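Comments concern the structure below.
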Ligand SMILES: [Zn+2]
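Numbering (my numbering), first residue to last: 584 to 939.
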């Protein structure tokens with residue numbers, strides 16, 4: 584295994600998290616001499632950001648040379664649309680939930696332009712990651728992309744978002760508890776190298792969210808911490824040069840559920856349920872902390888309203904280790920499947936969220 588001695592990483596230069604931020608995007612762009620932009624946004628985002636967004640652009644003499652509102656995540660369609668954009672564009676602004684941001688990020692990567700990311704929900708850490716989740720020949724794939732140059736998160740928009748998105752964001756955060764143990768074990772077995780700084784960032788991203796304040800997902804300080812935590816988690820992936828700090832056994836199960844379930848739940852919802860199970864399998868020292876966070880935020884109660892079918896979950900458990908080849912996690916252990924099924928049968932919390 585070759586251990587990189589030096590490595591270039593890119594992290595966001597502009598990071599604004601707070602209330603009223605949509606109305607300041609024009610100023611942030613003008614300050615960075617980005618006067619000609621392309622906007623790629625989800626079709627439902629207009630109501631969330633207007634009229635503040637357009638007003639702030641006009642006040643700062645920012646020209647929108649192109650605006651794309653119907654967003655495809657098909658890699659070929661994105662590439663086609665990207666190279667039709669005017670060459671004089673100085674930045675790409677992506678606004679929306681997952682798909683619009685993935686498309687905008689990849690467009691910026693192809694054109695080698697700065698990318699400004701404006702998430703309207705906080706459902707996972709993908710907005711600040713160096714990859715885009717796109718359709719490649721009809722299958723969802725994680726594709727090398729570009730870290731944002733800037734991230735603007737308007738908490739006025741986030742506070743109006745439905746609870747399922749916020750619970751998904753919380754779920755994606757708690758998954759670091761299991762992902763980091765999987766990474767460490769993979770390192771101990773000689774399958775991976777461990778990046779200490781990336782590991783520290785991922786641990787710190789948990790501190791940001793869980794050690795400072797209340798567990799009310801609608802409290803402004805909670806949402807501010809969630810935004811910071813998801814951002815830090817994305818940066819940890821960039822520093823590590825892989826998704827290891829943020830994605831382990833629990834993510835493999837969620838990816839398998841996406842393929843198996845008739846109706847997959849949001850990424851972070853699936854990931855959190857799987858993280859609790861994987862923490863039990865790992866004898867993870869933080870399993871009680873993980874459970875406490877999910878209990879106090881109301882996550883368990885929320886997830887129990889739409890439990891995952893037991894046969895689907897067990898099918899996902901069986902196929903999860905083959906989702907990524909050469910990727911050691913606790914699920915690689917021969918005894919894990921039987922132990923996991925036993926936990927699903929006997930653990931009272933899992934009983935509520937995975938049912939027959
Ligand atoms: Zn995730």
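Built from N, CA and C at the ideal position, the CB exists for glycine as well.
Bear in mind that the values here come from a model prediction, so they are computed numbers and not experimental data.
For a test of your reading of the model: does the CB of residue 747 fall under 6 Å from any non-hydrogen atom of ligand 1? Yes or no.
The residue you call residue 747 lines up with position 164 of the chain shown. No; taking the cut-off as 6 Å, the Cβ of residue 747 has no heavy atom of ligand 1 nearer than that.
Nearest-angstrom Cα separation, counted from residue 897 out to residue 924:
Your numbering for residue 924 matches position 341 in the chain shown. Your numbering for residue 897 matches position 314 in the chain shown. One C-alpha to the other measures close to 7 Å.
Between the alpha carbons of residue 662 and residue 749, how many angstroms are there, rounded?
Position 79 of the chain shown, counting from 1, holds the residue named residue 662. Position 166 of the chain shown, counting from 1, holds the residue named residue 749. One C-alpha to the other measures close to 31 Å.
Count Cβ pairs between the stretch 749-765 and the stretch 718-730 that sit closer than 8 Å; are there 3 or more?
no
Straight-line CA distance for residue 711 to residue 881?
Reading the chain shown from its first residue, position 128 is the one you call residue 711. Reading the chain shown from its first residue, position 298 is the one you call residue 881. Residue 711 and residue 881: Cα-Cα distance of roughly 26 Å.
Going along the chain, which unbroken runs of the beta strand (DSSP E) with 3 or more residues stay wholly within the stretch 716-785?
722-727, 733-737
Could you check whether the stretch 741-748 touches the stretch 775-785, counting it as contact only if at least three pairs of C-beta atoms, one from each stretch, sit closer than 8 Å?
no
Can you find the residues in the same chain that come closer than 6 Å, C-beta to C-beta, to residue 823, ignoring five residues on each side of it along the sequence?
As a position in the chain shown, residue 823 is number 240, starting the count at 1. If we look at residue 823 and ignore the five residues flanking it on each side, its Cβ neighbours are 778, 781.
Alpha helix (DSSP H) containing residue 936: first to last residue?
Numbered from 1 along the chain shown, position 353 holds the residue referred to as residue 936. Unbroken alpha helix (DSSP H) run through residue 936: 931-936.
Can you give me the Cβ contacts of residue 854 inside the same chain, cut-off strictly under 7 Å, excluding the 5 residues immediately before and after it?
Taking the chain shown and counting its residues from 1, one reaches residue 854 at position 271. Take residue 854, set aside five residues on each side of it, and the residues of its chain with a beta-carbon closer than 7 Å to its own are 754, 755, 758, 833, 834, 837, in chain order.
Classify residue 737 as buried or exposed, calling it buried when 16 or more other Cβ atoms lie within 10 Å of its own Cβ.
To locate residue 737, count along the chain shown from 1; it is residue 154. So residue 737 ends up on the buried side.
Should residue 705 and residue 773 be called a contact, given that it needs their Cβ atoms to be closer than 7 Å?
By 1-based counting over the chain shown, the position of residue 705 is 122. By 1-based counting over the chain shown, the position of residue 773 is 190. Cβ atoms of residue 705 and residue 773: not closer than 7 Å.
Leaving aside the five residues before and after residue 646 along the sequence, list all residues of the same chain whose C-beta is less than 6 Å from its C-beta, in chain order.
Here residue 646 corresponds to residue number 63 of the chain shown, with the count starting at 1. Apart from the 5 residues on each side of it in sequence, residue 646 sits with its Cβ closer than 6 Å to the Cβ of 619 in its chain, given in chain order.
So the beta strand (DSSP E) residue 676 belongs to, where does it begin and stop?
Mapped onto the chain shown, residue 676 falls at position 93. It spans 674-679 - the beta strand (DSSP E) in which residue 676 sits, taken as one unbroken run.
Exposed or buried, residue 768, counting other C-beta atoms within 10 Å across all chains shown (16 or more means buried)?
Here residue 768 refers to the residue found at position 185 of the chain shown. Counting C-beta atoms within 10 angstroms of its own C-beta, residue 768 has 16 or more neighbours from the protein chains shown and is therefore classed as buried.
heavy atom of ligand 1 below 6 Å from residue 799 C-beta:
Translated into positions along the chain shown, residue 799 becomes position 216. For ligand 1, not one heavy atom lies less than 6 Å from the Cβ of residue 799.
In whole angstroms, what is the alpha-carbon distance linking residue 783 and residue 816?
Within the chain shown, the letter at position 200 stands for residue 783. Within the chain shown, the letter at position 233 stands for residue 816. Taking the straight line joining both Cα atoms gives about 10 Å.
Nearest by alpha-carbon distance to residue 878: which of 819, 797, 864, 865 is it?
In the chain shown, residue 878 corresponds to position 295, counting from 1. For the residues 819, 797, 864, 865, the minimum Cα distance to residue 878 belongs to 797.
The beta strand (DSSP E) with residue 624 in it runs from where to where?
Numbered from its first residue, the chain shown carries residue 624 at position 41. Start and end: 619-624.
With DSSP collapsed to three states, give me the class of residue 654.
By 1-based counting over the chain shown, the position of residue 654 is 71. Residue 654 falls in the coil class under three-state DSSP.
By DSSP, does residue 700 sit in helix, in strand, or in coil?
Counting from one through the chain shown, the residue named residue 700 turns up at place 117. Residue 700 falls in the strand class under three-state DSSP.
Give every residue of the same chain whose Cβ lies closer than 8 Å to the Cβ of residue 847, excluding the five residues on either side of it in the sequence, and list them in chain order.
Taking the first residue of the chain shown as position 1, residue 847 is located at position 264. Cβ within range, chain order: 840, 841, 853.
Within 10 Å of its beta-carbon, does residue 595 have 16 or more other beta-carbons around it, so buried, or fewer, so exposed?
Looking up residue 595 in the chain shown gives position 12. That one is buried.
Collapsed DSSP secondary structure at residue 918 in the structure displayed:
Locating residue 918 in the chain shown gives position 335, where the first residue counts as 1. Residue state, collapsed to three classes: coil.
Distance, residue 688 Cα to residue 607 Cα
Taking the chain shown and counting its residues from 1, the one referred to as residue 607 is at position 24. Taking the chain shown and counting its residues from 1, the one referred to as residue 688 is at position 105. Straight-line Cα distance between these residues: approximately 21 Å.
Taking Cβ to Cβ, would you say residue 686 is nearer than 7 Å to residue 656?
Walking along the chain shown from the start, residue 686 turns up at place 103. Walking along the chain shown from the start, residue 656 turns up at place 73. Their beta carbons are under 7 Å apart, which means residue 686 touches residue 656 by this criterion.
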